[in-house]
């Protein structure tokens, strides 16, 4: 199972950054977008099927 887990983490790691939602409050100054952590990318892939399809390299339904 470790091989499957490493394979899945590598796929998430090489996937493009997910699109960030618009900010709730106006920002005072423009900041550089931060990188999304692997943990958060896994969660986003479970929440959004379109990002899961991008991460897996397949097309969404």
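In our numbering, the protein residues as written are 247 to 307. Note that the Cβ used here is the ideal one computed from N, Cα and C, for glycine as well.
For this session: Examine the Cβ distances between the stretch 250-258 and the stretch 268-278 and report whether three or more of them are shorter than 8 Å.
Result: no
Exercise. Grouping DSSP H, G and I as helix and E and B as strand, with all else coil, what is residue 285?
Worked result: Counting from one through the chain shown, the residue named residue 285 turns up at place 39. Helix at residue 285.
Exercise. Exposed or buried, which one is residue 258 when buried takes at least 16 other CB atoms within 10 Å?
Worked result: Translated into the one-based positions of the chain shown, residue 258 becomes position 12. Buried, since its Cβ has 16 or more Cβ neighbours within 10 Å.
Problem set entry | Coarse secondary structure for residue 259, derived from DSSP in three states | Here the question's residue 259 lines up with position 13 in the chain shown. Helix.
Exercise. Is the CB-CB distance between residue 261 and residue 294 below 8 Å?
Worked result: Position 15 of the chain shown holds residue 261. Position 48 of the chain shown holds residue 294. It is not a contact, given that the beta carbons lie outside the stated cut-off.
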